[in-house]
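Enquirer: Protein chains in written order, with this note's numbering: chain S, 1189 to 1570; chain B, 1189 to 1570; chain Z, 1189 to 1570; chain E, 1189 to 1570.
Glycine is no exception: its CB is placed at the ideal position from the N, C-alpha and C atoms.
Shown below is the structure under consideration.
There are 4 protein chains.
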Amino acid sequence: MKNIWKQKKIKVKELPSGDTLNINVISVSGHPGPHIYLQAGIHGAEVQGNALIIQLIDFLKSYKATINGTITMVPLANPNGTNNKNNTYTNGRFNANTGDNWNRNFIDLVTLKRASFEKFCHKNKQTENKVLFTHFKKWLKQTLIKIEKELKDKNQIHENNEINLILQKLAIEADGVLDLHTGPIATYYLYTPEYAKEVSKYLKFENTLVIPHYFAGAFDEVTFHPYTELKKYFFSEFGRDLTLPFESFTLELGSEEAFDLESGKRDVARILPYLKYKGVFPSNMRIKPSPIKNQTIPLENFKTIYSKQSGLFHFDIKPGETFKKGDVIGRYFNAQKIKIKNNKIDHLGIEELKADYSGKVINIFPSAVVPQGCELLQVFKY
Amino acid sequence: MKNIWKQKKIKVKELPSGDTLNINVISVSGHPGPHIYLQAGIHGAEVQGNALIIQLIDFLKSYKATINGTITMVPLANPNGTNNKNNTYTNGRFNANTGDNWNRNFIDLVTLKRASFEKFCHKNKQTENKVLFTHFKKWLKQTLIKIEKELKDKNQIHENNEINLILQKLAIEADGVLDLHTGPIATYYLYTPEYAKEVSKYLKFENTLVIPHYFAGAFDEVTFHPYTELKKYFFSEFGRDLTLPFESFTLELGSEEAFDLESGKRDVARILPYLKYKGVFPSNMRIKPSPIKNQTIPLENFKTIYSKQSGLFHFDIKPGETFKKGDVIGRYFNAQKIKIKNNKIDHLGIEELKADYSGKVINIFPSAVVPQGCELLQVFKY
Amino acid sequence: MKNIWKQKKIKVKELPSGDTLNINVISVSGHPGPHIYLQAGIHGAEVQGNALIIQLIDFLKSYKATINGTITMVPLANPNGTNNKNNTYTNGRFNANTGDNWNRNFIDLVTLKRASFEKFCHKNKQTENKVLFTHFKKWLKQTLIKIEKELKDKNQIHENNEINLILQKLAIEADGVLDLHTGPIATYYLYTPEYAKEVSKYLKFENTLVIPHYFAGAFDEVTFHPYTELKKYFFSEFGRDLTLPFESFTLELGSEEAFDLESGKRDVARILPYLKYKGVFPSNMRIKPSPIKNQTIPLENFKTIYSKQSGLFHFDIKPGETFKKGDVIGRYFNAQKIKIKNNKIDHLGIEELKADYSGKVINIFPSAVVPQGCELLQVFKY
Amino acid sequence: MKNIWKQKKIKVKELPSGDTLNINVISVSGHPGPHIYLQAGIHGAEVQGNALIIQLIDFLKSYKATINGTITMVPLANPNGTNNKNNTYTNGRFNANTGDNWNRNFIDLVTLKRASFEKFCHKNKQTENKVLFTHFKKWLKQTLIKIEKELKDKNQIHENNEINLILQKLAIEADGVLDLHTGPIATYYLYTPEYAKEVSKYLKFENTLVIPHYFAGAFDEVTFHPYTELKKYFFSEFGRDLTLPFESFTLELGSEEAFDLESGKRDVARILPYLKYKGVFPSNMRIKPSPIKNQTIPLENFKTIYSKQSGLFHFDIKPGETFKKGDVIGRYFNAQKIKIKNNKIDHLGIEELKADYSGKVINIFPSAVVPQGCELLQVFKY
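As structure tokens, this is what we get:
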């Protein structure tokens, strides 16, 4: 038996000219098994995930054996964002028409349909795990379809939830979700929900951010949140402690606007151990051990440093590098602050930004031109 | 005694070039009395409020008597937004750097400092009204200053809350707040909190939207929310029913990108009865009765109709006009849907949008080029 | 014999997502006769021409007789521009990626292929008119195809000339070209080349701008320039004075971002006399005489008034209205210029703009927020 | 005698909010001598020149001897462009309001005032070189002031020529002009006019583009063009061959959006030999010989390769690297071209771009998201 490849073109947007934007959903299936879902570029400028997907397709194409389960891959998952060029820049983070962050308005099924969720829990409180989770996937799917119908009937489908619903439906029955992003100018890092911290180590990332189980509308959250709610409800109501067979992660693959096919091969190597762990590949498959050591940090220690000034900024420390308290992180240059007094240079217009604590730089503002109050850099605080 | 005029230039932003953006805060004071605060253009393209402010200054300049209290006026309250031109367009609704709506991230004092708030309530549970509210203003001011200091110490002042804090501080001791906005292409309408519904009738607006007392981050909300929380707490905890001496309203003065000094005079006439009601003018001051009849409607009947299609859109019903269920609201034109069959025109590419219910058009999308899912129009549903 | 309708979808752009933008070219043909070409929206926000085209299609659909010749109509001729939304604004005048005005970089065949042009003239110096112009159309077509091939071979097809070449090819054999535009906020006006001044009166426009015969890259120019060069060459070299059977006009149909189907009907009435003059309709066809009186003015009297200041601007005179020297055209408001002195209002921040000469306002800046140096208004100077 | 430092704040723009943008012009003077003018960032995102200027100031500050002449330095020479942020991107190349390239509309004195220029030449046809050039500088200055006055009187100062005139006036009496730019993502390169090819070697750049003496509106051109016209006129009319004591160069210092103070030191080392050649430093000053070898190439061999497709693009060759005919320059990825046939991967969606000739990559598109027809890369063709 061979792996079966399929593709499906889905319309995600009609343009004012009457033309349409579409996504090309690729999937490959072998023996019965887990369903892994990958998408790249919900933020339109964060395109490196596409290199991972192509190289994964290429890897699977030449993989001789039959895989277990299905891998669904959505390259360029948000053509709205990727097509939105402003001069050379890809203005892909926010919907240019509404200001909304493309990765914020996904729909939280459990909150929206709480009564139905609790009814489901009570009905299945003694159902054995495997069947329970199969039922739960069905409940998720039916609930999403119901919500979509309600929105349509009330004419409440706006520009963002149009594409959100399409992507959510594609991932609704998955057992593992990898949402491929990048930082602005960034090192590699990973977001994992707290409960999946151990599993996250199968993804070979130098830096791992552990996020709590609340819901803020991002794709990783929207996919894991029903499961963490299920776990919470079963434990608090029935005293039953479920082990969740589902995880969802946001993978930050370096810098935006960059697309490197060679890095894409290395990116595949980062996720292969996870695919093997999930059972896509047989347990005796040989994978070269990764030299990467995961470093895990709670979300509260992931700090944004806002720019106190405006001007040009020189970074003395680069993403991936560590710093100690008191180190010069970088230097502001403000042209209006060059001062001459008594015919001599009194001030060069340069001021240092020093670290208030020790840590590691994760990502930095992708332009040297920094407005006051911008997210100058994000760091792991040790 | 004469009215005393003052002005104060406040820096609200440093630009990358090192130059600064500033607001010019104008105030006029007479005898002791109420403090009324007006600001125009927190959404940078919504500039008609400036015409109201200039004409109010002109009116007060030639007003012979001494007013009671103080009126503070902030024209061009958000230079970030007003200066943000993109070709001829003023891209003033969202922060171009962060995507944030400029009128969403104001700081909710009571939620942030709940313990301190409750302590205040208990301490003052028997304080008589006048003194209570004087104390409350002090608490508001001190709390805001404290929050600002905390944000600064933690380096958490980002681009939006920089200006938010400045404007919030200017209004923190006001007895009445008028936040001057406009719709996209719109008729005149007004937002009032539920508790101020009766007072809102002193503002002569054809259409009044009654909003509930929760907090979503807008300027009107941030200013009234502490008062509604106070009222709620005193009633539920002490059984004491306070009459609030404070109101805050959002005034929608027609269409964005428009600035009409003659309309500005009429806009002043719309607010004079409120200023008189608040005591700024003596109760025997004669004001010509306004022919405008307020129509009030709950927020839940204020409906957004999202565009189901993309293309060009012809509006058959204009802002301020009413429609019946089944009426043609407008017509989509999609150039790709012009169809020719057997050498004949089969379809002109035009489709009608019909009303699902009766109502009145309040505002419409300001461009005939409509993307799928945009806010095509907002209506009062009868 | 019936009129034959045809349509043709032409791809004009591939997007980064791999999707495509297309135009839907509609044509109708009857008996042999003239070829009239209309296109709407090369500037993407100037969409009223689409209403004219739809209403013309509707008119022709119900026209019982057979027309002479062919009418080619291209609605939404530049999907690049029309789809380029920035919030609610259609950023359709300049290519967002290159800064180029979409109506400037058309290709001037005669300048580029001067030697071939002169050879053509000499070869045909005694050819009788009708045959001469038939040959000339062939020369135009072959030359354009040749240039396109050369550009492709040298890999010099950039974003703008991709669509330019497509539109130029569609119009290359036309006998009359109507390029449908609008102003920003504007009255109706028309551009005619000097030599077609008399014919232009068949287009019922209140205001007509006469432009000289040089070439600046706009679509009307690119289509008439080869003909004016031909006329010039024949006269100067052979002393033969050709009467040109071709005209091309730019029609300014009011304001950008506006689309009014009812106005579209009136817009059709403005061009019917021209279509009749060209022979599309029989000479005995009855057309209601238009009450519109053309006013003609040379290009040098069409003046741009740049904004001397920044701020908000109130227009006292609207497009279509006349003014006398010394009249107040409008008033600037600069919030920083509100001045208080000795506790009194010293300056309201308002300054008048007065007319240096008498004239008529043709179009105005479409936003009240005016940056220093912007094209504040354009006028006919009497 | 010590070097004298001065600074001058010049207002270059009034904003709609009434605030102003300014430049901070820094100069240092010693003994009488040449006037060298440097400016950075006329394209607002090209900020590395500011690092050069700061490091040059720092170098001169600690330079113990007295320099000859004056060095004028304008950091952040175009605050309009540098302040124009769109999300994190600095949209600094084109005027966001007019679409104009900020480095294109400078004023060509000789063309505009041809009669006066020729009169000047005739009057000075026998004037000895030194005096001639002193007179010529005066003519340049007076002519520019005259043109400015005429534009102002006719109300023709638009947004671009406002700042253009200011910068042109600052440089009008210079003996050497260094306009500091960067490419998008680029190696270091230099533009020199043909006549200054030999002198250009004192600027230590790996790649030098030789441009002809016509005028296209850029700052380097506007400054050297009067001199090349003078040389041309004197030679053709009087048979006198002038050696020009003036040069103007555009220096491309790497990539836009980047600001590196350490590179700034190396950038200073690149220009020191030129300053010494001009006489700013004594001829016996020791400068470490630069290891950089200038490679010179005529403008016609500087080729732009436009993108034939849309999609993501992986560059196989980086700026500064050479390639041979047939080499793979990079690879397009088009998500819609992934094709599955008979349940197998038929096409990965990847296509190669091969070189048609040998050459060196100078700069590349700064985003992996490439629209069809964009300037994908610029190369030196060998």
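1. Taking Cβ to Cβ, would you say N1238 of chain E is nearer than 9 Å to A1228 of chain E?
2. Where does the unbroken alpha helix (DSSP H) through S1436 of chain Z begin, and where does it stop?
3. Going along the chain, which residues of the segment 1193 to 1219 of chain B sit with their C-beta nearer than 7 Å to a C-beta in chain E?
4. Could you name the residues that DSSP lists as bridge partners for W1193 of chain Z?
5. For the alpha helix (DSSP H) containing D1172 of chain Z, list its first residue and its last residue.
6. Alpha carbon to alpha carbon, how far is P1267 of chain E from A1359 of chain E? Give it in angstroms, no decimals.
7. Could you please give the first and the last residue of the uninterrupted beta strand (DSSP E) stretch that includes V1299 of chain B?
8. CA-CA distance, L1536 of chain E and A1265 of chain S?
9. With a cut-off of 8 Å on the beta carbons, I'd call T1370 of chain S and E1316 of chain S a contact; round off their distance for me.
10. Against chain S, which members of the segment 1503 to 1535 of chain B pass a CB distance test of less than 8 Å?
11. Closest by CA to Q1344 of chain B, which one among S:Y1494, S:I1192, S:W1193, S:Q1356?
12. Between which two residues does the alpha helix (DSSP H) harbouring T1416 of chain Z extend?
13. Quick check: the segment 1471 to 1478 of chain B against the segment 1496 to 1511 of chain B, are at least 3 beta-carbon pairs closer than 8 Å?
14. Quick test of your reading: H1231 of chain B and R1281 of chain B, contact by CB under 8 Å. State the CB separation rounded to the nearest angstrom.
15. What distance in whole Å lies between the Cβ atoms of F1553 of chain B and L1541 of chain B, which are believed to be in contact at a cut-off of 8 Å?
16. I need the straight-line Cα distance from R1519 of chain E to T1270 of chain S, nearest angstrom please.
17. Any idea what DSSP makes of E1563 of chain B, helix, strand or coil?
18. Need the endpoints of the beta strand (DSSP E) that Y1377 of chain S sits in, please.
19. Along chain E, which residues have their Cβ under 7 Å away from the Cβ of I1596 of chain Z?
20. My parser needs the beta strand (DSSP E) runs of 3 or more residues fully inside the segment 1483 to 1509 of chain E; what are they?
21. Name the one or two DSSP bridge partners that T1258 of chain E has.
22. Rounded to a whole number of angstroms, what is the C-alpha to C-alpha distance between F1573 of chain E and V1216 of chain E?
23. Under 9 Å between beta-carbons, which chain B residues line up against T1438 of chain E? List them in chain order, please.
24. So what's D1455 of chain Z in DSSP terms, helix, strand or just coil?
25. State yes or no: is the beta carbon of N1293 of chain B nearer than 9 Å to at least one beta carbon in chain S?
26. Taking only beta-carbon positions, decide if D1448 of chain Z is within less than 9 Å of chain B.
27. Any residues in the segment 1252 to 1264 of chain E with a beta carbon nearer than 8 Å to a beta carbon of chain B? Which ones, in chain order?
28. What number of angstroms, rounded off, separates the C-alpha of G1287 of chain S from the C-alpha of N1274 of chain Z?
29. Could you tell me the distance, in whole angstroms, from the CA atom of H1413 of chain Z to the CA atom of R1292 of chain Z?
30. Taking the alpha helix (DSSP H) that T1270 of chain B belongs to, which residues open and close that run?
31. Cβ of K1329 of chain Z within 9 Å of Cβ of E1350 of chain Z?
32. Would G1287 of chain B pass as an interface residue toward chain E - the criterion being a Cβ-Cβ separation below 9 Å?
33. With H, G and I counted as helix, E and B as strand and the rest as coil, what does DSSP make of G1237 of chain S?
34. To the nearest angstrom, how far is the alpha carbon of D1429 of chain E from that of Y1383 of chain E?
35. Using the C-alpha atoms, what's the distance from F1503 of chain S back to P1479 of chain E?
36. Chain B partners of N1279 of chain Z, CB-CB under 8 Å?
Expert: So, from the listed chains and residues:
1. Mapped onto the fourth sequence, residue 1238 of chain E falls at position 50. Mapped onto the fourth sequence, residue 1228 of chain E falls at position 40. Going by C-beta atoms, N1238 of chain E is nearer than 9 Å to A1228 of chain E.
2. Taking the first residue of the third sequence as 1, we reach residue 1436 of chain Z at position 248. Careful: S1436 of chain Z lies outside any alpha helix (DSSP H), inside the beta strand (DSSP E) at 1435 to 1443.
3. L1203, P1204, S1205, D1207, T1208, L1209, N1210
4. Position 5 of the third sequence holds residue 1193 of chain Z. Per DSSP, Z:V1216.
5. The structure shown does not extend to residue 1172 of chain Z, since chain Z is modelled only from 1189 to 1570, so the question has no answer here.
6. Residue numbering aside, residue 1359 of chain E sits at position 171 when the fourth sequence is read from its first letter. Residue numbering aside, residue 1267 of chain E sits at position 79 when the fourth sequence is read from its first letter. Straight-line Cα distance between these residues: approximately 18 Å.
7. Taking the first residue of the second sequence as position 1, residue 1299 of chain B is located at position 111. According to the sequence shown, residue 1299 of chain B is Thr rather than Val. Not the beta strand (DSSP E): T1299 of chain B falls in the alpha helix (DSSP H), residues 1297 to 1300.
8. The residue you call residue 1536 of chain E lines up with position 348 of the fourth sequence. The residue you call residue 1265 of chain S lines up with position 77 of the first sequence. Near 17 Å, if we compare the C-alpha coordinates of A1265 of chain S and L1536 of chain E.
9. Your numbering for residue 1370 of chain S matches position 182 in the first sequence. Your numbering for residue 1316 of chain S matches position 128 in the first sequence. Their Cβ separation, rounded to whole angstroms, is 41 Å, which puts T1370 of chain S and E1316 of chain S out of contact at 8 Å.
10. N1522, A1523, Q1524, K1525
11. By one-based count along the second sequence, residue 1344 of chain B stands at place 156. Ranking S:Y1494, S:I1192, S:W1193, S:Q1356 by Cα distance to Q1344 of chain B puts S:Y1494 first.
12. Within the third sequence, the letter at position 228 stands for residue 1416 of chain Z. 1407 to 1426 is the extent of the alpha helix (DSSP H) around T1416 of chain Z.
13. no
14. Against the second sequence, residue 1231 of chain B aligns to sequence position 43. Against the second sequence, residue 1281 of chain B aligns to sequence position 93. Contact flag correct, Cβ pair sits at about 5 Å.
15. As a working mapping, residue 1541 of chain B is identified with position 353 in the second sequence. As a working mapping, residue 1553 of chain B is identified with position 365 in the second sequence. With a Cβ gap of about 12 Å, L1541 of chain B and F1553 of chain B do not count as contacting.
16. On the fourth sequence, position 331 is the one that residue 1519 of chain E refers to. On the first sequence, position 82 is the one that residue 1270 of chain S refers to. Going by the C-alpha atoms only, they are around 18 Å apart.
17. Counting from one through the second sequence, the residue named residue 1563 of chain B turns up at place 375. Strand, per DSSP.
18. As a first step, residue 1377 of chain S is located in the first sequence; it is residue number 189 there, counting from the start. Its beta strand (DSSP E) spans residues 1376 to 1381.
19. Because chain Z is modelled from 1189 through 1570, residue 1596 of chain Z falls outside the range shown and cannot be assessed.
20. 1483 to 1486, 1490 to 1494, 1499 to 1503
21. As a position in the fourth sequence, residue 1258 of chain E is number 70, starting the count at 1. T1258 of chain E is bridged to E:S1217, E:H1223.
22. In the structure as shown, chain E begins at 1189 and stops at 1570. Residue 1573 of chain E is therefore absent and cannot be evaluated.
23. Taking the first residue of the fourth sequence as 1, we reach residue 1438 of chain E at position 250. Chain B residues near T1438 of chain E: none, gap ~22 Å exceeds 9 Å.
24. What you label residue 1455 of chain Z is simply residue 267 of the third sequence in a count that begins at 1. Three-state DSSP puts D1455 of chain Z in a helix.
25. Position 105 of the second sequence, counted from the start, is the residue given in the question as residue 1293 of chain B. With 9 Å as the cut-off, N1293 of chain B does not count as an interface residue toward chain S.
26. For the purposes of this step, residue 1448 of chain Z is taken as the residue at position 260 of the third sequence. By this cut-off, D1448 of chain Z is an interface position.
27. L1264
28. Mapped onto the first sequence, residue 1287 of chain S falls at position 99. Mapped onto the third sequence, residue 1274 of chain Z falls at position 86. One C-alpha to the other measures close to 10 Å.
29. As a working mapping, residue 1413 of chain Z is identified with position 225 in the third sequence. As a working mapping, residue 1292 of chain Z is identified with position 104 in the third sequence. Between H1413 of chain Z and R1292 of chain Z, the C-alpha separation is close to 14 Å.
30. Along the second sequence, one-based indexing puts residue 1270 of chain B at 82. Start and end: 1267 to 1270.
31. Taking the first residue of the third sequence as position 1, residue 1329 of chain Z is located at position 141. Taking the first residue of the third sequence as position 1, residue 1350 of chain Z is located at position 162. No, these two residues do not count as a Cβ contact at 9 Å.
32. Here residue 1287 of chain B refers to the residue found at position 99 when the second sequence is read from its first residue. At least one chain E Cβ lies under 9 Å of G1287 of chain B.
33. One-based indexing of the first sequence puts residue 1237 of chain S at position 49. Three-state DSSP puts G1237 of chain S in a helix.
34. Translated into the one-based positions of the fourth sequence, residue 1429 of chain E becomes position 241. Translated into the one-based positions of the fourth sequence, residue 1383 of chain E becomes position 195. Those two C-alpha atoms are separated by around 12 Å.
35. In the fourth sequence, residue 1479 of chain E corresponds to position 291, counting from 1. In the first sequence, residue 1503 of chain S corresponds to position 315, counting from 1. Each residue's alpha carbon lies about 27 Å from the other.
36. As a position in the third sequence, residue 1279 of chain Z is number 91, starting the count at 1. Within 8 Å Cβ-Cβ: N1274, N1275, Y1277.
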